[in-house]
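So the structure is just underneath, and the comments pick up after that.
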Amino acid sequence: AEVEHDEAGQRRRAARRERPPRRTPHAAWAASPTAGVYSELRRIPLKSTVRLQRWRHAAHGAVEAARNVRFEQRTPRAEAGAMSRSCLNDFKVQEKIGAGSYGVVWKAVRKVDRVTYAMKEIDLQGMSRQEQESCIKETRVLSSLDSDHIIRYYDSFLEQGKLFIITEYASHGNLHDFLKQQTSRLHEDLVWRLFLQTLCGLHHMHARKILHRDIKTLNVFLDDKLNVKLGDMGVARILSANTNFAKTIVGTPYYLSPELCEDRPYNEKSDVWALGVLLYECCTQKHPFDADNQGALILKILRGRYPPLTGFSAEMCDLVKCCLTQNAKRRPNTAKLLLSMTVRAKAQELGVPLPHVESLLPMADTGTPQGRRKASLTPTSASPRVGEAPTPPVSSASRPSSSATPTR
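Take the sequence shown: its letter number 354 is residue 354 in the UniProt record's numbering, and every next letter is one higher.
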């Protein structure tokens, strides 16, 4: 009996050795085409988590439980291994509100507290590894930014082979649609406000060596108070400590800078060019450079000729010309624009907070912004802080605009 038992044991052990190895859940997940994306998401710090306090007595009911749901804001220094607690079932998906790079954007309401968010849905199935990395780049960039003028990132999760990114919801849509709805020109003060807030959001990115690379009215969003929120970081580029230029040509043709058209290396000043195009579009509801085909468009951009602004102040005309300087070396960066006396005076007049002078000086280059009146846009060491009385810009009374400032 002992011999038979021993032989049976040997047969069982031999059968186990011949059996193919079991695929554990971990091994099965590792073979999944989206495993790499999951690993990358684990490295992205959360900006928010949901904490639902458990009550000892059920008598408090669902209403009391919902009141105790806290949306905890985390700093960008949150632990790298933090995991998302959200899932698709936590949200009630409503209408489609747009389409960005690689995905569709939905309006979604979180069931537990009825707060509205924007949910970007990206289908990862069938994508190459490089395309998947491009998709999660937006999550990585957004999670590293914390500005009042950049769409705020809250959470991201992977479900059903799709990546979902939960961000701040801008109730007034994008600037492109907002301009289309206008029956007349925007008031110049509103144009200044839109420009200043976009400039602040863009500077926040550039200070962290991040290029947006797709500044346009479709990627500028507005909240219920018409505050600017920069979004769609799908083609953003993070420059390394040893790299100050990028080479890959990306962006929308109408907003391409001359250096991009000539296939030359570029830096954050290409974003400033696109900001100038956006500013011109806010003033006129038209692109400064327009053509029937891309070749003719590039030729116009390289020549740098566009219809002059009419009906706006000399300071606004100089600002557009300053941003649309052909030579990138002479074009100001965001720090130098924020240091200019005209910009700081206008920001104080409109109540738009700007970064302090001390934080801008290290980034300001030594070039002089181009324009017909350099004095009004050239920063000085005596540039005031926000809250102090700035030196007023040179009055435009000596050089009146071609027509009266339009009303809203």
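Note that the Cβ used here is the ideal one computed from N, Cα and C, for glycine as well. These numbers were taken from a predicted model, which means no experiment stands behind them.
Asked	Found
What is the DSSP secondary structure of Cys-98, reduced to helix, strand or coil?	Per the sequence presented here, residue 98 reads as Gly, with Cys not at that position. It is a strand residue.
Could you check which residue in Leu-163, Tyr-169, Cys-135 has the C-alpha nearest to that of Lys-107?	Tyr-169
Using a 10 Å radius around the Cβ and a threshold of 16 neighbouring Cβ atoms, would you call Gln-160 buried or exposed?	exposed
For the 8 Å Cβ check, are there 3 or more pairs between the segment 168-187 and the segment 329-339?	no
If we ignore side chains and look at the alpha-carbon of each, how far apart do Val-115 and Tyr-153 end up?	14 Å
Measuring CA to CA, which of Leu-186, Asp-224, Asn-89 is closest to Leu-158?	Asn-89
I'd like to know if the segment 193-205 and the segment 219-236 are in contact, where contact means that at least 3 CB-CB pairs between them fall below 8 Å.	yes
Let me know the alpha helix (DSSP H) ranges lying completely inside the segment 87-166, each 4 residues or longer, listed in chain order.	129-143
Would you tell me roughly how many angstroms separate the C-alpha atoms of Gln-181 and Gln-285, rounded to the nearest one?	10 Å
At the level of alpha carbons, what is the spacing between Arg-213 and Ser-270?	7 Å
Is DSSP giving Val-352 helix, strand or coil here?	coil
Rounding to the nearest angstrom, what Cα-Cα distance links Pro-76 and Ile-298 in this structure?	Because Pro-76 carries a pLDDT of 37, less than 50, the predicted location of this residue cannot be relied on, and the following value inherits that uncertainty. Those two C-alpha atoms are separated by around 40 Å.
From the DSSP output, in three-state form, read off Asn-227 for me.	coil
Which residues in the same chain as Gln-94 place their Cβ atom closer than 8 Å to its Cβ, once the five residues preceding and following it in sequence are excluded?	Trp-106, Lys-107, Ala-108, Val-109
Determine the DSSP secondary structure at Asn-174, reduced to helix, strand or coil.	strand
Output the distance between the C-alpha atoms of Leu-350 and Asp-189, rounded to the nearest integer angstrom.	8 Å
Nearer than 7 Å: is that true of the beta carbon of Asp-6 relative to any heavy atom of the ligand ATP?	No copy of the ligand ATP occurs in the structure displayed, which carries no ligand at all.
Taking the DSSP output, what are the residues bridged to Phe-221?	Asn-174, Lys-229
Span of the alpha helix (DSSP H) holding Ser-270?	269-284
Determine the contact status of Phe-289 and Tyr-266, defining contact as a CB-CB distance below 8 Å.	no
What residue range does the alpha helix (DSSP H) around Ile-215 cover?	Element bounds for Ile-215: n/a, residue is neither H nor E.
Which same chain residues, not among the five before or five after Ile-165, have their C-beta less than 6 Å away from its C-beta?	Lys-120, Thr-139, Ser-156
What's the call for Lys-96, buried or exposed, on a 16-neighbour Cβ count within 10 Å?	exposed
When you compare each of Asn-327, Leu-179, Thr-310 to Cys-261 by their alpha carbons, which one comes out closest?	Asn-327
If you draw a straight line from the alpha carbon of Ala-314 to that of Lys-209, how long is it in whole angstroms?	32 Å
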